[in-house]
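When you read off a place in the sequence shown, starting at 1, and then add 3, the result is the number in the numbering used here.
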Amino acid sequence: MGKYVVTGGSGFIGTNLVSKLINEGHEVLNLDIARPQNEQQFPYWRQVDILEFEKLKVLILLFNPDVIIHLAAVTDLDGTTLDYYRANFDGTKHIIDIANMLPSIKKVVYTSSMYVCKPGYVPLNYDDYKPHTLYGESKVKAELLVKESVNINHNWVLIRPTSIWGPWFNIPYIDFFNVVYQGKYFDFGNTCTKTYGYVDNSIYQIQTLIDAESSCCKTFYIGDFEPIQISEWANEISIAMGKGKIKRIPFSAIQLAALTGDVLAKLKIKFPMTSFRLSNMTTNNTFPLQDLFQISGPVPVSRQEGVRRTLNWLVNNKSYKIRPASVSSEAVSNTYPVSLTE
């Protein structure tokens with residue numbers, strides 16, 4: 004069994020990853036400024052800001068991991084300056100420097116974002132950037148720190164998660180499930196095709212890249228191989244909820260709703276649709292995954308099974324009042340053996 008440091012292990016992907024590693028019998032240390040979402044993971048958590056270099060260094064060096072999976076980041080799109088996202092690039096630099104102090108480190112996974120390129124833009128290669136938002140710019144800066152550093156003495160792999168969803172998720176895709184659940188999602192006939200990724204598949208892919216020697220010093224998008232049109236996926240979710248197929252409305256109606264949402268957003272009033280969100284929903288955004296699948300092979304969980312597991316979690320954790328097929332009253336996460344990471 005291995006020893007894993009997961010930065011940002013209290014977030015969406017991190018919570019699922021920590022669960023998987025613990026259940027497989029690995030020693031795990033979650034370093035995050037935020038408390039774990041899953042209370043069973045508290046024994047494995049130490050609170051630290053990714054920008055606190057000295058404290059971060061002490062915790063990691065004492066634990067002496069075989070693998071570091073660096074997920075910690077500021078991921079919202081609210082920033083108005085690049086400095087707002089300093090944790091994304093300065094935090095990455097901290098992990099690079101600390102990993103260089105670990106002579107037995109096997110691999111470091113650095114997490115970037117699909118937003119290093121704008122939706123719809125097809126990059127020429129993994130070094131071709133056209134960032135979307137300041138968040139995307141911060142991730143470009145983080146990638147370049149890894150790729151261009153002349154003093155990295157450890158094996159690394161860069162991952163760019165696509166549109167990942169599943170238990171423990173937050174915005175935007177929990178909002179998507181909520182809108183379908185409330186009967187407020189409509190097929191307006193102009194939706195896009197995107198690469199999505201069910202979180203258990205993403206974790207499987209990350210673990211495969213860690214184990215594969217051929218992944219070293221390369222960049223990979225993380226996601227499920229078959230892109231899908233968002234309205235088709237909404238139909239699958241709605242039917243799985245027992246609500247039947249979603250209804251259709253004219254595209255002009257959704258455009259009006261988006262403009263209304265823009266006005267309300269300026270007044271700090273939340274609304275399920277804005278022009279930014281509509282643009283995301285109508286812009287194709289698929290990614291090359293062939294190089295990933297040459298290493299990882301097919302994903303272990305189908306989209307339909309992922310929807311079922313996610314609905315189980317929503318029923319048990321978010322008070323969804325539905326009875327989808329095979330909903331279980333069991334918690335999504337298993338009970339772990341308590342093992343303090345001091």
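Glycine included, every Cβ here is placed at the ideal spot set by N, Cα and C. Computed from a predicted structure; not experimentally measured.
* **Chain-order list of residues whose beta-carbon lies under 6 Å from that of F191 (same chain, five-residue window excluded)** => Only I252, F254, I257 meet the Cβ criterion.
* Should V111 go down as buried or exposed, given a rule of 16 or more other Cβ atoms within 10 Å for buried? -> Classification of V111: buried, given that the 10 Å Cβ count is 16 or more.
* Output yes or no for whether 9 Å exceeds the beta carbon distance between Y113 and H135. => The answer is no: Cβ separation not under 9 Å.
* To do: List the residues that DSSP assigns as beta-bridge partners of Q50.
  => Q50 pairs with D35.
* May I ask you to report which of helix, strand or coil DSSP gives F15? => When secondary structure is reduced to three states using DSSP, F15 falls in the helix class.
* Which value, in whole angstroms, describes the spacing of the CA atoms of H157 and T196? -> If I take the Cα positions, the gap works out to 37 Å.
* Asked: Got a sec? Which residues, its chain only, sit under 8 Å from S107 by beta carbon, not counting five neighbours each side?
  -> In its chain, beyond the 5 residues on either side, N67, D69 have a beta carbon closer than 8 Å to the beta carbon of S107.
* To do: Please classify K38: is it buried, with 16 or more other beta-carbons within 10 angstroms of its beta-carbon, or exposed?
  => What sits at residue 38 in the sequence shown is Arg, not Lys. By the 10 Å Cβ count, R38 comes out exposed.
* Asked: Taking the C-alpha atoms as reference points, what is the distance between S342 and W48?
  -> The predicted model places S342 with a pLDDT of 35, which falls under 50 and marks its position as unreliable; any figure quoted below should be read in that light. Using only the alpha carbons, I get a separation of about 11 Å.
* To do: Under 6 Å Cβ to Cβ from P164, same chain only, skipping five residues before and after it: list those, please.
  => Answer for P164: I225, listed in chain order.
* Asked: So, do the stretch 40 to 58 and the stretch 233 to 252 have three or more beta carbon pairs nearer to each other than 8 Å?
  -> The count of Cβ pairs closer than 8 Å, one atom from the stretch 40 to 58 and one from the stretch 233 to 252, stays below three, leaving the stretches out of contact.
* **Every unbroken alpha helix (DSSP H) inside the stretch 76 to 129 [4 residues or more]** => With a minimum length of 4 residues, the continuous alpha helix (DSSP H) runs that stay inside the stretch 76 to 129 are 89 to 102.
* Asked: Whose C-beta lies closer than 7 Å to the C-beta of T289 among residues of the same chain, with five residues either side of it excluded?
  -> In the same chain as T289, and ignoring 5 residues on each side of it, the C-beta atoms closer than 7 Å to its own belong to T196, K197, T198, P230, in chain order.
* Asked: If you count every other CB in all the chains shown that lies within 10 Å of the CB of E308, and 16 or more means buried, which is it?
  -> Counting Cβ neighbours within 10 Å, E308 comes out exposed, since fewer than 16 surround it.
* **CA nearest to the CA of I167, picked from Q297, V202, V21** => Answer by Cα proximity: V202.
* Asked: How many angstroms separate the CA atom of R353 from the CA atom of A243?
  -> Nothing can be reported for residue 353: it is not among the residues displayed for the chain, which extend from 4 to 345.
* **Where Y3 falls: helix, strand or coil (DSSP)** => Here the chain comprises residues numbered 4 to 345, so residue 3 is not present and cannot be evaluated.
* **Secondary structure of Q232, DSSP reduced to three states** => If DSSP states are grouped into helix, strand and coil, Q232 belongs with the strands.
* Asked: Which residue's Cα is closest to the Cα of L34: I249, G14, F172, V153?
  -> When only C-alpha atoms are compared, the closest one is G14.
* To do: Can you check DSSP and say which residues form a bridge with N288?
  => N288 is bridged by DSSP to K197.
* Can you give me the start and stop residues for the alpha helix (DSSP H) that T211 sits inside? => Element bounds for T211: 202 to 214.
* To do: Compare the C-alpha of G247 against each of C219, F189, A75, N287 and name the closest.
  => If we check each option's Cα against that of G247, F189 comes out closest.
* Cβ neighbour criterion (16 or more within 10 Å) applied to S336 -> Any reading at S336 must be qualified, since the residue scores a pLDDT of 41, below 50, and its modelled position is unreliable; the value itself is stated next. Result: buried.
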